[in-house]
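**Q** A single structure is presented below for examination.
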Amino acid sequence: MTGANEALLRVDGLEVHFTAGRGKLVRAVNGVTFDLLPGETLGLVGESGCGKSTLGRALLRLGPITGGHVRFDGSDVASGTAASIERLRRETAMIFQDPYNALNPRHTIGAALAEVLLVQGKVPKGEVKARVVALMEMVGLSPDLADRRPAALSGGQCQRAGIARALAVEPKLIVADECVAALDVSIQAQIINLMIELKARMKLALIFIAHDLGVVRRLSDRVAVMYLGRIVEIGRTEDVFGQPRHPYTRALMRAIPEIDPDRGLPQDPLGGEPPSPLDLPAGCAFHPRCPDVMPVCTRNPVPASRPVGACAVACHLYDDQRTDHHHSSLQQPRETIHV
Ligand code: SF4
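Under the numbering used here, residues -3 to 335 are what the sequence shown spells out, in order.
See below:
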């Protein structure tokens, strides 16, 4: 069992590769390493296509893993036995973006929750009905809705049902993938408040994948910023938002408040050609868009993540012995990013 200061999830050098059209290799997740403590919330941000959803699914073994290690509560699930995968199913859950697709359209909400309870053996058969009512109340759904099918519910009600289904397994870890992105703004706020309340009450560890930085800031203890399959910066939320160190993180953080603090990430925060994971540039994959690019960035692979201030950052700007940089953007961060 994991102690309070021991990682619940330990991800080390995780790789997820796909073969795309014309046999090209896509490194959707490209050497990702991080830990997650019990009860901790990690926000995972980055533009569409950066690999964050693929990473989330791989962590729960809902998608393939090409290499590296994922240890959940002490057991390696990346190369794990059927028993360790089964345990992962019993102790983790995923909340999806589209609540209608995530629920079986033929099952009522009550039946969907009862099925999880019975399959996972969470309560004796005679107590299933009472537990379904308790779960629905926990997520702010009237138990009167237990007989409805997903199509008869609003988007917000459906997402609450999706959260209830995730909670039914009494998980230690939930991965929520853009779970409010499809909802109206007022409903988004209700669901976020519900998640804040539930994670505090149930001491859930949460990986919260989102493109909405305002939501991530409210919900997360730490934030990881992904770019083309790699985590380029990770740290406590206040440090990443307060003093972003990686040029990509800076661009994201500067672009948002000028527009609307609760708006999503711009799809192209730095201008220039959107990156293609099919054709990664040599050196640092961010170099064609980076305002701080140096010759070393086009020649050498991006360095491993290393401590910079209170965060960990993968960027040549922080090489100890750099000789060819053209200016120190560490002391003088650029003021203007054109969105
Ligand atoms: Fe920019 Fe170079 Fe850092 Fe990449 S390694 S983000 S190109 S400064």
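For each residue, glycine too, the CB sits at the ideal point set by N, CA and C.
Mind checking which residues open and close the alpha helix (DSSP H) that includes Glu82?
**A** Stepping through the sequence shown from its first residue, residue 82 is reached at position 86. Looking at the DSSP string, the run of the alpha helix (DSSP H) that includes Glu82 is 78 to 87.
**Q** For a quick check, are the C-beta atoms of Pro34 and Lys195 less than 8 Å apart?
**A** For the purposes of this step, residue 34 is taken as residue 38 along the sequence shown, with counting starting at 1. For the purposes of this step, residue 195 is taken as residue 199 along the sequence shown, with counting starting at 1. Their beta carbons are not under 8 Å apart, which means Pro34 does not touch Lys195 by this criterion.
**Q** Need the endpoints of the beta strand (DSSP E) that Pro40 sits in, please.
**A** On the sequence shown, residue 40 is found 44 positions in, with the first residue counted as 1. The sequence shown places Leu at residue 40, rather than the Pro named in the question. Segment 37 to 41, the beta strand (DSSP E) holding Leu40.
**Q** Report the rounded CA-to-CA distance for Ser49 versus Leu58, giving the unit in angstroms.
**A** The count along the sequence shown starts at 1 and reaches residue 49 at position 53. The count along the sequence shown starts at 1 and reaches residue 58 at position 62. Each residue's Cα considered, the two are about 11 Å apart.
**Q** Please confirm whether Leu374 and Ile230 have their CB atoms less than 8 Å apart.
**A** Not covered by the structure: residue 374. The range shown for the chain is -3 to 335.
**Q** How would you write the range of the alpha helix (DSSP H) that Asn189 sits in, first residue to last?
**A** Looking up residue 189 in the sequence shown gives position 193. First-last of the alpha helix (DSSP H) with Asn189: 181 to 198.
**Q** Could you work out which residue in Pro146, Leu51, Leu169, Arg127 is closest to Tyr223 when comparing CA atoms only?
**A** On the sequence shown, position 227 is the one that residue 223 refers to. That would be Leu51, whose Cα lies nearest to the Cα of Tyr223.
**Q** Applying the 10 Å Cβ sphere with the 16-neighbour rule, what's the burial state of Pro146?
**A** Position 150 of the sequence shown, counted from the start, is the residue given in the question as residue 146. Buried, since its Cβ has 16 or more Cβ neighbours within 10 Å.
**Q** Could you check if Asn1 is buried or exposed, using at least 16 other CB atoms within 10 Å of its CB as the buried criterion?
**A** As a position in the sequence shown, residue 1 is number 5, starting the count at 1. By the 10 Å Cβ count, Asn1 comes out exposed.
**Q** In terms of residues, what are the limits of the beta strand (DSSP E) holding Arg67?
**A** Sequence index remark: in the sequence shown, residue 67 carries index 71 (1-based). Segment 63 to 68, the beta strand (DSSP E) holding Arg67.
**Q** Going along the chain, which residues of its own chain have a beta-carbon closer than 7 Å to the beta-carbon of Gln402, five neighbours each way excluded?
**A** Residue 402 is absent from the model: the chain starts at -3 and stops at 335.
**Q** Is it buried or exposed for Ala98, if we count other Cβ within 10 angstroms and need 16 for buried?
**A** Start at 1 with the first residue of the sequence shown, and residue 98 comes out as number 102. With 16 or more other Cβ atoms within 10 Å, it is buried.
**Q** Beta carbon of Met249: closer than 7 Å to some heavy atom of the ligand SF4?
**A** Start at 1 with the first residue of the sequence shown, and residue 249 comes out as number 253. No, the Cβ of Met249 stays beyond 7 Å of every heavy atom of the ligand SF4.
**Q** Looking at C-alpha atoms only, which residue of Thr15, Gly19, Gly47 is the closest neighbour of Cys220?
**A** Translated into positions along the sequence shown, residue 220 becomes position 224. It should be pointed out that residue 220 corresponds to Ala in this sequence rather than to Cys. Considering only alpha carbons, the answer is Gly47.
**Q** Identify which residue in Gly106, His242, Glu87, Val211 has its Cα closest to the Cα of Val165.
**A** As a first step, residue 165 is located in the sequence shown; it is residue number 169 there, counting from the start. It is Glu87.
**Q** With a cut-off of 5 Å, give the chain-ordered residues whose Cβ is closer than this to any heavy atom of the ligand SF4.
**A** Result: Pro243, Cys280, Phe282, His283, Cys286, Asp288, Val289, Cys293, Cys311, His312, Leu313.
**Q** Below 8 Å on the Cβ atoms is my contact criterion, and I expect Asp173 with Phe92 to pass it. Report the Cβ-Cβ distance as a whole number of Å.
**A** Indexing the sequence shown from 1 puts residue 173 at position 177. Indexing the sequence shown from 1 puts residue 92 at position 96. The Cβ separation is near 6 Å, so the contact holds.
**Q** For the beta strand (DSSP E) that contains Val204, what are its first and last residues?
**A** Locating residue 204 in the sequence shown gives position 208, where the first residue counts as 1. Before going on, a small fix: residue 204 reads as Phe here, not Val. Where Phe204 is concerned, the enclosing beta strand (DSSP E) stretches over 201 to 205.
**Q** Bridge partners of Ile91, per DSSP?
**A** Position 95 of the sequence shown, counted from the first residue, corresponds to residue 91. DSSP, once it has assigned bridges, lists Ala172 as partnering Ile91.
**Q** Counting along the chain, where does the alpha helix (DSSP H) carrying Asp235 start and finish?
**A** For the purposes of this step, residue 235 is taken as residue 239 along the sequence shown, with counting starting at 1. Looking at the DSSP string, the run of the alpha helix (DSSP H) that includes Asp235 is 233 to 238.
**Q** Measure from the C-beta of Glu82 to each C-beta in chain D and report whether the shortest distance is under 8 Å.
**A** Going by chain labels, chain D is absent from the structure shown, which holds only one protein chain.
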